[in-house]
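Enquirer:
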Amino acid sequence: MDVKSFDLPRYLSVLPLFNEMSTTELQRLATGCQLRRLGRGDMVFHVGQPCDEFHVTVIGQVKLFAISPAGQEKVIELVGPGNSFAEALMFTGRPYIINAQSLTDTLLLSVSKAAVLAEIEHDGRFALRMLAGISRRLHGLVKDVEANSLHSGLQRVIGYLLRGQDTENCDCHEAVTVSLPVSKATIASLLSLTPEYFSRVLHELESAELIEIDRRDIRILDQKRLATYQPGA
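In numbering that gives the first Met the number 0, the protein residues as written are 0 to 232.
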């Protein structure tokens, strides 16, 4: 993609946060945006750096993570295309409290705090849309924390593989392939599991003839059976 020819106002218009803005407002907001190309492993920001903007992953994958005092990495979220991050923190006036790193070649859109505040002053409804977007994001994170705290490791892995599938209200016995967007070690950290345990669960599911593994491609042979799988049953 040629960054110079990238239509920023048009791209902003399809994001949930901005899709009710007028063409004039979008053009004005675009002047406070910056597009960056990042390579695999490049840092978006570090803990302690000033937070004067929020970000949207246009292409690629960004990992949000923290480092424990013992030096262990904990993945908090994986942010794929069309999703934003650091909106809430931007309004606090505090520095970043987590790290963000590109996991693949990534095109990142950064929206400055000054541009956002200018639009809020121009139209107070913009603030309500931002609050709604932040609330949806926090709700999703809370659900992830609950799932990782209340469910077993096996249930977490199955839940991850079946994300977005309505296995309760449909006859989902057909096969479907899920491509892991990042390494198995990264997904394991996201699910608060060790890489070894994550791999062990995948192989258990494969032995039970519920999935087939081909590197990062996981073919789910029967979604309904996978959703209701119980070891030893």
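We put the beta carbon where it would ideally sit given N, CA and C, even for glycine. Everything numeric in this text was worked out from a predicted model, so none of it was measured.
1) DSSP puts Asn98 in a beta bridge; with which residues?
2) Return the chain-ordered ranges of every beta strand (DSSP E) run that is complete within the segment 29 to 75 and spans a minimum of 3 residues.
3) Taking Cβ positions, are Cys32 and Val110 nearer each other than 7 angstroms?
4) Measure the CB-CB distance between Leu37 and Leu107 and report whether it falls below 7 angstroms.
5) Looking at C-alpha atoms only, which residue of Pro8, Asp104, Thr30, Glu211 is the closest neighbour of Arg39?
6) Hey, how far is the Cα of Leu102 from the Cα of Val181?
7) Rounded to whole angstroms, how far is the Cβ of Gly132 from the Cβ of Glu86, which I believe are closer than 8 angstroms?
8) Apply the 10 Å Cβ neighbour rule to Arg135 and answer buried if 16 or more other Cβ atoms are within range, or exposed otherwise.
9) Please report the straight-line C-alpha distance between Asn98 and Pro68, rounded to a whole angstrom.
10) Of the residues Val61, Pro49, Glu195, Ile212, which one's Cα is nearest the Cα of Gly92?
11) Look at Ser188 and Val61 and say whether their C-beta atoms are less than 7 angstroms apart.
12) What did DSSP end up calling Val181 once you bin it into helix, strand or coil?
13) Taking the beta strand (DSSP E) that Leu106 belongs to, which residues open and close that run?
Expert: So, from the data block:
1) As a beta-bridge residue in DSSP terms, Asn98 pairs with Phe64.
2) Taking only runs of at least 3 residues, the beta strand (DSSP E) segments lying wholly in the segment 29 to 75 are 32 to 37, 42 to 44, 52 to 58, 61 to 66.
3) Result yes, Cβ atoms of Cys32 and Val110 sit closer than 7 angstroms.
4) Yes; because the gap between Cβ atoms is below 7 angstroms, this pair is in contact.
5) For Arg39, the nearest C-alpha among the options comes from Asp104.
6) C-alpha separation (whole angstroms): 7 angstroms.
7) The pair is a contact, with the Cβ atoms about 7 angstroms apart (cut-off 8 angstroms).
8) Arg135 should be labelled exposed.
9) Straight across, the Cα-Cα distance linking Asn98 with Pro68 is about 14 angstroms.
10) The candidate whose alpha carbon is nearest that of Gly92 is Pro49.
11) Taking 7 angstroms as the cut-off, the beta carbon of Ser188 is found no closer than this to the beta carbon of Val61.
12) If DSSP states are grouped into helix, strand and coil, Val181 belongs with coil.
13) Element bounds for Leu106: 105 to 111.
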